[in-house]
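For the first sequence, numbering that gives the first Met the number 0 gives the first residue as 0, with consecutive numbering after it.
Have a look at the structure below, then the notes.
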Amino acid sequence: MKITKRFNRVIKPLKTINNHDPKSQITKVKTNLKQKSKRKANTITIKQKSQTQLDICSKDSFLLEKNPKRLDLDYYQIDALDLAPRLLGKYLRRDDVVLQITEVEAYRSNDSACHGRVGVTSRTAPLFGPGGHAYVYLCYGMHNMLNVVADKEGIGSAVLIRSCAPVTGLETIKQRRGLDTDKPVLLTGPGKVGQALGISKDWSNHALFSPGGLELLDGPEVKDIVVGPRVGIDYALPEHVSALWRFAVSGSPWISAPKNTLKAP
DNA sequence: GAAAAGATTAAA
DNA sequence: TTAATCTTTTCC
């Protein structure tokens with residue numbers, strides 16, 4: 000498999016060169032190389048810019064909260080559709096890492112896109128437990144997706160955390176992600192959030208309102224929200240595919256793709 | 001002309 | 001879904 004990848008990457012430019020004027024193609028390749036080295040040279044500038052964004056987005060608000068408290072069990076005992084937008088701005092903490100939630104999706108009872116549609120299994124059991132627990136599942140055999148279980152026991156609904164902004168523990172986040180950057184690519188996507196928090200499906204059913212491990216802390220209420228259809232649920236019924244149950248902090252750079260489907264409500 | 005944003009593709 | 005590429009658009 001690796002051979003195929005390498006083969007493609009080597010052969011592609013050659014094909015292009017053969018089909019076009021060699022001189023212009025060589026110039027193009029040279030330009031690309033130049034751009035790449037320049038990008039490297041500009042790393043410092045980019046980092047400074049991102050750092051500013053980071054401060055504006057989340058660091059200040061976390062410090063202002065002084066000592067954010069864990070949300071209590073009652074907070075979660077509502078419809079996932081109501082809980083989802085309320086989780087924007089809240090904080091996820093594990094070890095020295097604190098992330099501020101910037102993008103979520105609601106998965107509800109009687110929702111053909113929700114894992115709960117198959118009923119209670121060993122995997123989905125936490126989903127049917129009382130709200131306030133984590134529901135973590137493996138996607139594509141490698142991505143751990145973090146959901147916050149909503150509503151009362153037996154309902155089977157949750158809020159998927161799709162993106163976050165870093166607040167503290169940037170070095171740990173980078174290390175877990177295996178990426179040395181401060182840019183949104185670090186945390187925009189559900190798999191990235193799970194990786195940054197260092198969680199696996201073993202964390203499924205973990206109580207987010209209890210001290211220790213993974214905690215969900217209170218944060219500022221987000222009023223400027225954009226909404227859109229949920230991502231990657233083509234298998235669901237049309238009415239659920241089109242439902243605007245994806246929520247994100249308006250204007251935040253910490254939002255996953257696709258962004259053009261998000262609009263003011 | 002360079003950076004940013006969008007689209008595409010392989011991989012797991 | 002993610003990461004890496006390739007392509008198009010934006011803007012200094």
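Yeah, the Cβ is synthetic: ideal placement off N, Cα and C, and Gly gets one too.
Candidates the options, of which the one nearest residue i by Cα
i: residue 247; options: 260, 135 and 190; result: 260
i: residue 215; options: 91, 81, 72 and 67; result: 91
i: residue 199; options: 238, 115 and 135; result: 135
i: residue 251; options: 177, 221 and 217; result: 221
i: residue 77; options: 153, 236 and 88; result: 153
i: residue 262; options: 237, 255, 228 and 236; result: 228
i: residue 109; options: 264, 257 and 236; result: 236
i: residue 203; options: 89, 66, 147 and 113; result: 147
i: residue 188; options: 163, 113 and 124; result: 163
i: residue 125; options: 201, 231, 212 and 255; result: 201
i: residue 226; options: 258, 210 and 217; result: 258
Status (buried if at least 16 other CB within 10 Å, exposed otherwise) for residue i
i: residue 101; result: buried
i: residue 42; result: The predicted position of residue 42 is uncertain, since its pLDDT is 32 and thus under 50; a value taken from the coordinates is nonetheless stated next. The residue is exposed, with fewer than 16 neighbouring Cβ atoms inside 10 Å.
i: residue 265; result: Outside the shown range of the chain (0 to 264) lies residue 265, about which nothing can therefore be said.
i: residue 140; result: exposed
i: residue 181; result: buried
i: residue 184; result: exposed
i: residue 99; result: buried
i: residue 193; result: buried
i: residue 165; result: buried
Own chain residues within Cβ distance below 7 Å of residue i, not counting five before or after
i: residue 79; result: 105, 106, 107, 149, 150, 156, 157 and 158
i: residue 256; result: none
i: residue 175; result: 194, 195 and 197
i: residue 111; result: 235, 236 and 239
Opposing strand residues paired with residue i [DSSP bridges]
i: residue 215; result: 91
i: residue 167; result: 97
i: residue 156; result: 149
Nearest-angstrom beta carbon gap, residue j and residue i [assumed within contact, 8 Å]
i: residue 223; j: residue 249; result: 4 Å
i: residue 83; j: residue 244; result: 7 Å
i: residue 119; j: residue 127; result: 5 Å
i: residue 103; j: residue 160; result: 6 Å
i: residue 133; j: residue 239; result: Not really, about 23 Å apart at Cβ, beyond 8 Å.
i: residue 115; j: residue 75; result: That belief does not hold up - the Cβ atoms of residue 115 and residue 75 are roughly 16 Å apart, past 8 Å.
i: residue 208; j: residue 86; result: That pair is no contact at about 13 Å.
i: residue 177; j: residue 95; result: Rounded, the Cβ-Cβ distance is 18 Å, inconsistent with contact.
Contacts around residue i, its chain only, beta-carbon distance under 6 Å, and the 5 residues preceding and following it disregarded
i: residue 138; result: 144
i: residue 196; result: 93
Cut-off 8 Å between Cβ atoms - residues of its own chain near residue i, not counting five sequence neighbours on either side
i: residue 241; result: 228
i: residue 142; result: 189, 190, 193 and 194
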